[in-house]
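Under this note's numbering, the first residue of the sequence shown carries the number 22, and numbering increases by one thereafter.
Every residue, glycine too, gets a C-beta built ideally from N, C-alpha and C.
This structure is a prediction, so every number in the text was calculated from the model and none was measured.
Single-structure report; data block below.
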Amino acid sequence: MNDVVKLERHDVIAVVTVNSPPVNALSAAVRRGIFESIKTAAADPEVQAIVLACAGRTFIAGADITEFGKPPQSPSLNEVIAEIENCGKPVIAAIHGTALGGGLEITLGCHFRVATKEAKLGLPEVKLGLLPGAGGTQRLPRAVGPELGVKMIVTGEPIGAAEALKNGLIEEIVEGPASGAEAFARKVVAEKRPLRILRNDDSKLAAARADRSIFTNAAAAANKKNRGLEAPLACAEAVSWTLDLPFDEAMKKERESFLRLVAGDQSKAQRYAFFSEREAAKVQNVPEGVKPRPVERVAIIGAGTMGGGIAMSFANAGIPVTLIETGEEQLKRGMGIMQKNYDATAARGGIPADAPAKRMALITGVVGLENVKDADLIIEAVFETMAIKKEVFTALDAYAKPGAVLASNTSYLNIDEIAQVTKRPQDVLGMHFFSPANVMKLCEIVRADKTAPDALVTAVAVARRIAKVPAVVGVADGFVGNRMLAARSKQSEKLLFEGALPQQVDAVVTKFGMPMGPFAMGDLAGLDIGWRSRKDRGITSPIADALCEAGRFGQKAGKGYYKYEAGSRAPVPDPDVEKLIDDTCKSLGLTRRIVSDEEILERMMYPMINEGARILEEKVASRPSDIDVIWLYGYGWPIYRGGPMFYADQVGLKHVAERLSFYAKQANDPSLEPSALLKRLADEGKTFASLAKSA
Ligand code: T1G
């Protein structure tokens, strides 16, 4: 049919095979090839049934996201699906890998579906800020019922083949997808099995039509974690049309809703995030074809909060871990915490009941650094002082096998300095995980001056293997994420002296979509950490110091910037803090003023953007999208806003630069002046995204 879809006939069975690497996405050529193949097979009198299969590692993984925003090309996916549904002969989808989005929708137009046992089937459009736009909202609930249907569509989470079989989404689990489907097709022909045309089959809707709470409860549960996102609500509404509207009318409304979402800012940001995450894993400035070193066993130094979380991340991916501590007591405590975490997750159904034992069996706890000798990758997660890091790396240099990658989990210390104590600086780099390390997806991979290219690509590949999102950064105080966070923290402190209160600042930041404001975050982390560090460095921060002097260390002390009722982590504004702020400002001769929410938002976000621009100037990050990936996956930046640099482009760099200049004068803070890069782009009317294009 064309160079991405071929049509063969095995006596009475026609086989349509899509072969469009890497994921058989439904590009215009793929849609055209399938459309023509089905038309030809349907018209062929010899053909009694048709199999739709895919070559390569997966069945169709969805519409071709790179085509969005471009002029549509015929045939549309809906036209392809209608051609299948109405062709008059049984069409059987042969699913392997992941049938996602438009890929699953095309199978719903088929009359039967079979899948291999590892296959996953889902409609993840909501993760791109969309809803299924080719009938998925109307056909899937008819296949599996509106309860599971709304859950799959609103959460975007796929189900496995076994669950699909149980719920009637597929007819059989087969070995080879195409051969299994062909055998199934012969059965359908022999039995003259009536075609299962989902658009005409309302049998699974009857219960929810009779008792709507079946649907509304499932929709509410699926929407529980939705904060500020438009698409999940649109998805739930579309599924509700299966209960109320005729199929064709509902399809029209689905199309309208899809077109509205795909043109909206949220979906543009979420599609940008999808590609940025994948771009970040492509290491720049390394020779073509550099291969990662093999990593079969990992050693983690330190069984504390970070070391334990990192060890769990590797065990979750089935990679054996040697977890090393300085003493049996510390080791026992660390192993106990991991066991407790696994058991708690299993108890709430997050992992299978047998997973805790299997994963703990992968973690061998030992005392003594000499136990790193078999590890291909060693990650140090000990105290954040340069002296201790150097001590550990000196020992690792002696015990680790040649070629082992030596990584530090430090959140800001200089990796070049750490590498210098070893005879193998080429093997040294940073792998900065974010707490809790078994949950947070971001891993900043710190490329030191002498890090070898293959060591670097090894760390990136391993991060992806353990389901983390890697982003390569350079050596700088706080690397990228924490350096930008420091710029924001400086302004949040200043705003208290100028007139704002903690609860006002935090409310503006959480309303923007961040999971937590700076002051609640400080209380969670513990105010005494910063207090000790300031004292070590001989600097003061009068309000934060006064809080600590009053024993207000944050949540752990039951009070910090906020007060906390016994047993609760919910921050409650405290008049005592307001008085402390007032008194401190009076003692400094400062007059406080009303600070608007708008100023607070700009003073929170624009200095971070400015720091991001400096980070790009200094090549500490090589892409603006890498900075966005860091904030999306390390700090909970709302996915529907794309990331700080994407957001800056949306606001307009001219406006950002002007406001920064204004605040620099108003707050008498030269650090707020726009950086050279930001100023240049603003003056030229350009965007941060234009840097990627020019690169
Ligand atoms: N379109 C275009 N390119 C895609 C793509 C897609 N749908 N999916 C993946 N790629 C590229 C990706 O950018 C990367 O490119 C390469 O394939 C390998 O991907 C009408 C409107 C399938 C689970 O949301 O979840 O259908 O970097 O690194 O880790 O209702 O890709 O190599 O150049 O992620 O093995 C719905 C998105 C679309 C699925 C494989 N479908 N993809 O994961 O490989 S909207 C999705 C994934 C839609 C309909 C609506 C994953 C994967 P490059 P990868 P992976």
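In this chain, the beta strand (DSSP E) harbouring Thr343 covers 342 to 346. Non-local beta-carbon contacts of Met359 in its own chain, meaning distances under 6 Å to residues more than five positions away in sequence, involve Gly329, Met333 in chain order.
Spanning the alpha carbons of Ala255 and Ser278 requires a straight line of approximately 7 Å.
Every alpha helix (DSSP H) of 4 residues or more that sits fully in the segment 406 to 449 is shown, in chain order, as 407 to 420, 436 to 440. Counting along the chain, the unbroken beta strand (DSSP E) around Val72 starts and ends at 70 to 75.
In this structure, Leu693 lies near Tyr684, with their beta-carbon atoms less than 8 Å apart.
A distance of 8 Å or more separates the beta carbons of Ala669 and Lys700. Relative to the ligand T1G, the beta carbon of Pro153 is positioned inside 7 Å of a heavy atom. Within 10 angstroms of the beta-carbon of Leu609 lie fewer than 16 other beta-carbons, which makes it exposed. Here the alpha carbon of Pro153 sits roughly 7 Å from the alpha carbon of Leu144. For Tyr654, the three-state secondary structure derived from DSSP is helix.
With contacts defined as CB atoms closer than 8 Å, Leu517 and Ile602 qualify as a contacting pair. It is roughly 27 Å from the alpha-carbon of Asp597 to the alpha-carbon of Gly559.
When only Cα atoms are considered, Arg292 and Gly348 end up about 48 Å apart. Of the residues Gly150, Asn392, Leu125, the one whose Cα lies closest to the Cα of Thr343 is Asn392. Under the three-state reduction of DSSP output, Met537 falls in the coil class, being neither helix nor strand. Between the ligand T1G and Leu653, a heavy atom-to-CB distance of less than 7 Å is absent. Annotated three-state conformation of Arg614 is coil, per DSSP. Ile191 sits in coil when the DSSP states are folded into three classes, being neither helix nor strand. Across the structure, Thr479 and Asp566 are spaced so that their CA atoms are roughly 43 Å apart.
A contact between stretches requires three or more CB pairs, one per stretch, nearer than 8 Å, and the segment 193 to 208 meets this requirement with the segment 72 to 80.
In the DSSP secondary-structure assignment, His453 is bridged to Glu465. In the three-state reduction of the DSSP assignment, Gly330 falls in the helix class, which pools H, G and I.
For Ala241, the CB stays at least 7 Å from every heavy atom of the ligand T1G. Each of Leu190, Asp397, Glu184, Ala227 was checked against the Cα of Tyr420, and the nearest Cα belongs to Asp397. For Arg207, the three-state secondary structure derived from DSSP is helix.
If you compare the alpha carbons of Glu623, Val426, Phe454 with that of Asp448, the shortest gap goes to Val426.
If the five residues before and after Met356 are omitted, its C-beta is found closer than 6 Å to the C-beta atoms of Gly386, all from its own chain and listed in chain order. In the DSSP annotation of this structure, the continuous segment of the beta strand (DSSP E) that includes Thr119 starts and ends at 119 to 121. Taking a 10 Å sphere around the C-beta of Asp527, we find 16 or more other C-beta atoms and assign the residue as buried.
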